[in-house]
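Residue numbers (our numbering), protein chains in the order written: chain A, 1 to 403; chain B, 1 to 403.
Even glycine gets a Cβ: it sits at the ideal position worked out from N, Cα and C.
Number of protein chains: 2
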Amino acid sequence: MTATAATSPTNGIAPFPTRSGCSILLPQGESVDAIKQPTRLTDAERIDRLRLIRSDNVGPRTFASLLNHFGSAKAALAHLPDLAKRGGSSRAFRICSEDDARAELAAASRLGVTLLAPEEAGYPPRLTTVDDAPPLLGVRGTIETLMRPMIAIVGSRNASGAGLKFAGQLARDLGEAGFVVISGLARGIDQAAHRASVASGTVAVLAGGHDRIYPSEHEDLLGAILDANGAAISEMPPGHEPRARDFPRRNRLISGAALGVVVVEAAHRSGSLITARMANEQGREVFAVPGSPLDPRAAGTNDLIKQGATLVTEANDVIQAVAPIMERPIMLPLREDDDDHLAGDPHAGDRAQITSLLGPSPVLIDDLIRMSGASPTIVRTVLLELELAGRLERHGGGLVSLI
Amino acid sequence: MTATAATSPTNGIAPFPTRSGCSILLPQGESVDAIKQPTRLTDAERIDRLRLIRSDNVGPRTFASLLNHFGSAKAALAHLPDLAKRGGSSRAFRICSEDDARAELAAASRLGVTLLAPEEAGYPPRLTTVDDAPPLLGVRGTIETLMRPMIAIVGSRNASGAGLKFAGQLARDLGEAGFVVISGLARGIDQAAHRASVASGTVAVLAGGHDRIYPSEHEDLLGAILDANGAAISEMPPGHEPRARDFPRRNRLISGAALGVVVVEAAHRSGSLITARMANEQGREVFAVPGSPLDPRAAGTNDLIKQGATLVTEANDVIQAVAPIMERPIMLPLREDDDDHLAGDPHAGDRAQITSLLGPSPVLIDDLIRMSGASPTIVRTVLLELELAGRLERHGGGLVSLI
Numbered sequence: 001m002t003a004t005a006a007t008s009p010t011n012g013i014a015p016f017p018t019r020s021g022c023s024i025l026l027p028q029g030e031s032v033d034a035i036k037q038p039t040r041l042t043d044a045e046r047i048d049r050l051r052l053i054r055s056d057n058v059g060p061r062t063f064a065s066l067l068n069h070f071g072s073a074k075a076a077l078a079h080l081p082d083l084a085k086r087g088g089s090s091r092a093f094r095i096c097s098e099d100d101a102r103a104e105l106a107a108a109s110r111l112g113v114t115l116l117a118p119e120e121a122g123y124p125p126r127l128t129t130v131d132d133a134p135p136l137l138g139v140r141g142t143i144e145t146l147m148r149p150m151i152a153i154v155g156s157r158n159a160s161g162a163g164l165k166f167a168g169q170l171a172r173d174l175g176e177a178g179f180v181v182i183s184g185l186a187r188g189i190d191q192a193a194h195r196a197s198v199a200s201g202t203v204a205v206l207a208g209g210h211d212r213i214y215p216s217e218h219e220d221l222l223g224a225i226l227d228a229n230g231a232a233i234s235e236m237p238p239g240h241e242p243r244a245r246d247f248p249r250r251n252r253l254i255s256g257a258a259l260g261v262v263v264v265e266a267a268h269r270s271g272s273l274i275t276a277r278m279a280n281e282q283g284r285e286v287f288a289v290p291g292s293p294l295d296p297r298a299a300g301t302n303d304l305i306k307q308g309a310t311l312v313t314e315a316n317d318v319i320q321a322v323a324p325i326m327e328r329p330i331m332l333p334l335r336e337d338d339d340d341h342l343a344g345d346p347h348a349g350d351r352a353q354i355t356s357l358l359g360p361s362p363v364l365i366d367d368l369i370r371m372s373g374a375s376p377t378i379v380r381t382v383l384l385e386l387e388l389a390g391r392l393e394r395h396g397g398g399l400v401s402l403i
Numbered sequence: 001m002t003a004t005a006a007t008s009p010t011n012g013i014a015p016f017p018t019r020s021g022c023s024i025l026l027p028q029g030e031s032v033d034a035i036k037q038p039t040r041l042t043d044a045e046r047i048d049r050l051r052l053i054r055s056d057n058v059g060p061r062t063f064a065s066l067l068n069h070f071g072s073a074k075a076a077l078a079h080l081p082d083l084a085k086r087g088g089s090s091r092a093f094r095i096c097s098e099d100d101a102r103a104e105l106a107a108a109s110r111l112g113v114t115l116l117a118p119e120e121a122g123y124p125p126r127l128t129t130v131d132d133a134p135p136l137l138g139v140r141g142t143i144e145t146l147m148r149p150m151i152a153i154v155g156s157r158n159a160s161g162a163g164l165k166f167a168g169q170l171a172r173d174l175g176e177a178g179f180v181v182i183s184g185l186a187r188g189i190d191q192a193a194h195r196a197s198v199a200s201g202t203v204a205v206l207a208g209g210h211d212r213i214y215p216s217e218h219e220d221l222l223g224a225i226l227d228a229n230g231a232a233i234s235e236m237p238p239g240h241e242p243r244a245r246d247f248p249r250r251n252r253l254i255s256g257a258a259l260g261v262v263v264v265e266a267a268h269r270s271g272s273l274i275t276a277r278m279a280n281e282q283g284r285e286v287f288a289v290p291g292s293p294l295d296p297r298a299a300g301t302n303d304l305i306k307q308g309a310t311l312v313t314e315a316n317d318v319i320q321a322v323a324p325i326m327e328r329p330i331m332l333p334l335r336e337d338d339d340d341h342l343a344g345d346p347h348a349g350d351r352a353q354i355t356s357l358l359g360p361s362p363v364l365i366d367d368l369i370r371m372s373g374a375s376p377t378i379v380r381t382v383l384l385e386l387e388l389a390g391r392l393e394r395h396g397g398g399l400v401s402l403i
């Protein structure tokens, strides 16, 4: 993904409830400052991008590098097999065929799902700023709801009665204040938060494909969400059955699309704490609901507060904290390789030297450039080759390691 | 009270449990840096001081000013009627007689209570640093316990089962770590904290005289505390029945003697929040135990955390926070009039002018000096006169107002 952006159908944000509670105009929508009008992909470009992200060893960060290096998905697709071979791929490199991409688009369409790029209307504006934002997001439901400011509410699946009640109350109050509640459609806190915000607008983020709802008994809840101008989003293709490792990956979309994440109840080492950690890494506000030290379901949230999360006992605690953030335009972060649009042609010596500097511990790409003495373009090209060969992992913050 | 201090029978503080929990030597005692050896009042000086603090309109702050102005309690007593008359006292000024003071000392003695000045061993070292510390404190029990580092645990009288359990657990753990638990002998949290720290040492702070235990059913608990090397303290004379207004006054002693105050459960506007406010004004650490937003007994503690109190889920949260404070010597604050040892003799014009600058809103003594153009000595003498006449109230922070 190069410098891309989405923008709201409305112009920025309406006056926001003040501390005194006098103004109660609702926040209307969010916009990304970089691009004022949403664009729309051509069908061909959408097919090419889908083929690229569904090809072997291409994740969101590799996708962004490829698009940046080659200028278009089409050009990147043409170079993929060569890059992978040079990176030392032992087996044949699989590129998603045009037929497969068309079949996925058709299957999505039958489910009422549109695959949107970050620069298109309907892609949650804040999510575009996350460095591993999905290059194409499967969106089902009401586009306008996805453009409004969101607060994530997450927590235990086996929540207490008090936790469920509080989650519902908070979701209702945030909904009345004009926020969209985003969550993971799980049992417990997620469910309570979605249910209480069906009327005001809520977004479910799925770990599997749009036709693989987990847990399946929440299909009714999802139906109610969609019927009431809500939405569901997923980066997975139709038919994808969610596995354990898909949930943490999904959680980055919950936090990334939101202004902040409220953790209502969470035991030590629970999935909600992963969402909180991701929110923190993404620069999102982290909120936590306190509980008795004797309640294991409050251990995680109390810890979050000790670590600096904002203590929440009512919706206003959240609203006051995000108000100043909403007043600032959404800025796209500069990408590490924004200055680097042409692929160089590394020599075998470069390749060997850069590879030898890598190991299982993540290192900064900037350090690799410094230590190798090679040009940034050469280093990034070698990294792309290794990545496509399935030998390199990209972490956040410009870190890479060998697999 | 002039520059007075108490010191520990032991020399300073033993090595303290580190963050890693390796060193578990107990904190042994506290000492005040200003004076290395505790002194002992003569009987005559003790009688004079008692007469002074028990005379009309003499509170701890007035006592300190008088002692500072006149150099001794005896000299101050001689000047009291004159000062009060010049301040415009309408009725006869009552000075506590020597007989009454001797009778109080005898009554205290029969109860096993010693009246101690801040510079004597047994006066809690940290309490000496509070600007309205009692000039004489009635102490019953084990002196050594009163010299050890203390943590206050306070909270609701009608506490929840979880609150009581947590208070007990916290008190036990702090006791095992070498801290004395100090509290108010009230029902609920106080009681639970005292009971769990009987074996390790606990101090009860009374709102009435030592023979007027409130609630009376806690006489047994007090007996157990005293039998196990604990102590009880009060600034009130024997026979003094505690009234509503004595409790907030008493609370300043709980916080003042401690390194920090842990509020376990507290509703909005509860007495424990007064103790927390006083702790904050005295520069003590404020700790609060979180609870569910749906539990009214956690409303006050959650609010304290929002305002910056340290969240506590285990004793270690307290121990880590006070460790750096214990490493610093206890410093006596400079008094507003430390540079001003001789009483001047104000003219009627000074008196009228300074009085006209005063009103029901508190003003800084420093501002009065500046605005009146009179010397600091003159201004402070006029204030003393007004105070003894019952026309002036002293607040903390060098503020005064007309009554």
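Can you find a C-beta in chain A that's less than 9 Å from the C-beta of residue i?
i         : result
Ile305(B) : yes
Leu174(B) : no
Gly21(B)  : Because Gly21(B) carries a pLDDT of 33, less than 50, the predicted location of this residue cannot be relied on, and the following value inherits that uncertainty. With 9 Å as the cut-off, Gly21(B) does not count as an interface residue toward chain A.
Beta-carbon within less than 6 Å of residue i's beta-carbon, same chain only, minus the 5 sequence neighbours each way: which residues are those?
i         : result
Cys96(B)  : Arg51, Arg54 and Ser55
Ala107(A) : Pro238
Leu41(B)  : Ala117
Pro248(B) : Ile274
Val113(A) : Gly138, Arg140 and His210
Please decide whether residue i counts as near chain B, where near means a Cβ-Cβ distance under 9 Å.
i         : result
Asn158(A) : no
Ala196(A) : no
How should residue i be labelled, buried or exposed, when 16 other C-beta atoms within 10 angstroms of its C-beta is the threshold for buried?
i         : result
Pro215(B) : exposed
Glu327(A) : exposed
Val301(A) : Residue identity differs from the one stated: residue 301(A) is Thr in this sequence, not Val. Classification of Thr301(A): buried, given that the 10 Å Cβ count is 16 or more.
Asp366(A) : exposed
Ser234(B) : buried
Ser109(B) : exposed
Gln307(A) : exposed
Thr39(B)  : exposed
Ala103(A) : exposed
Gln320(A) : exposed
Glu387(A) : buried
Gly161(B) : exposed
Whole-angstrom Cβ separation of residue i and residue j, contact assumed at under 8 Å?
i         : j         : result
Val289(B) : Val263(B) : 7 Å
Ala231(B) : Arg140(B) : 6 Å
Leu111(B) : Asp211(B) : 6 Å
Leu304(B) : Glu285(B) : The Cβ separation is near 12 Å, so there is no contact.
Leu66(A)  : Asp48(A)  : Going by Cβ atoms, the distance from Leu66(A) to Asp48(A) rounds to 11 Å, so no, they are not a contact pair.
Lys165(A) : Leu294(B) : 6 Å
Arg394(B) : Leu402(B) : Not really, about 12 Å apart at Cβ, beyond 8 Å.
Leaving out the 5 sequence neighbours to the left and right, which residues in its chain are closer than 7 Å to residue i when beta-carbon positions are compared?
i         : result
Leu368(B) : Ile354, Leu357 and Val379
Asp350(B) : Ala374, Ile378 and Val382
Gly163(A) : Gly155, Ser156, Ile189, Val264, Glu265 and Arg297
Val198(A) : Ala224, Ile225, Ala228 and Gly230
Gly256(A) : Arg126, Leu127, Val130, Ala133 and Gln282
Counting only the same chain and skipping the five closest in sequence on each side, list residues whose C-beta sits under 8 Å from that of residue i.
i         : result
Gly201(B) : Thr142, Thr145, Arg148, Gly175, Val180, Val181, Ala228, Asn229 and Gly230
- Of the residues that make up the segment 262-273 of chain B, which ones have a beta carbon closer than 7 Å to any beta carbon in chain A? none
- Item | Selection of the segment 303-332 of chain A by Cβ proximity to chain B, strictly under 9 Å | Asp303, Ile305, Lys306, Thr310, Leu311, Val312, Thr313, Glu314 and Asp317
- Of the residues that make up the segment 142-167 of chain A, which ones have a beta carbon closer than 7 Å to any beta carbon in chain B? Ala162, Lys165 and Phe166
- Item | Within 9 Å of chain A by C-beta, residues of the segment 286-299 of chain B in sequence order | Val289, Pro290, Gly291, Ser292, Pro293, Leu294, Asp295, Ala298 and Ala299
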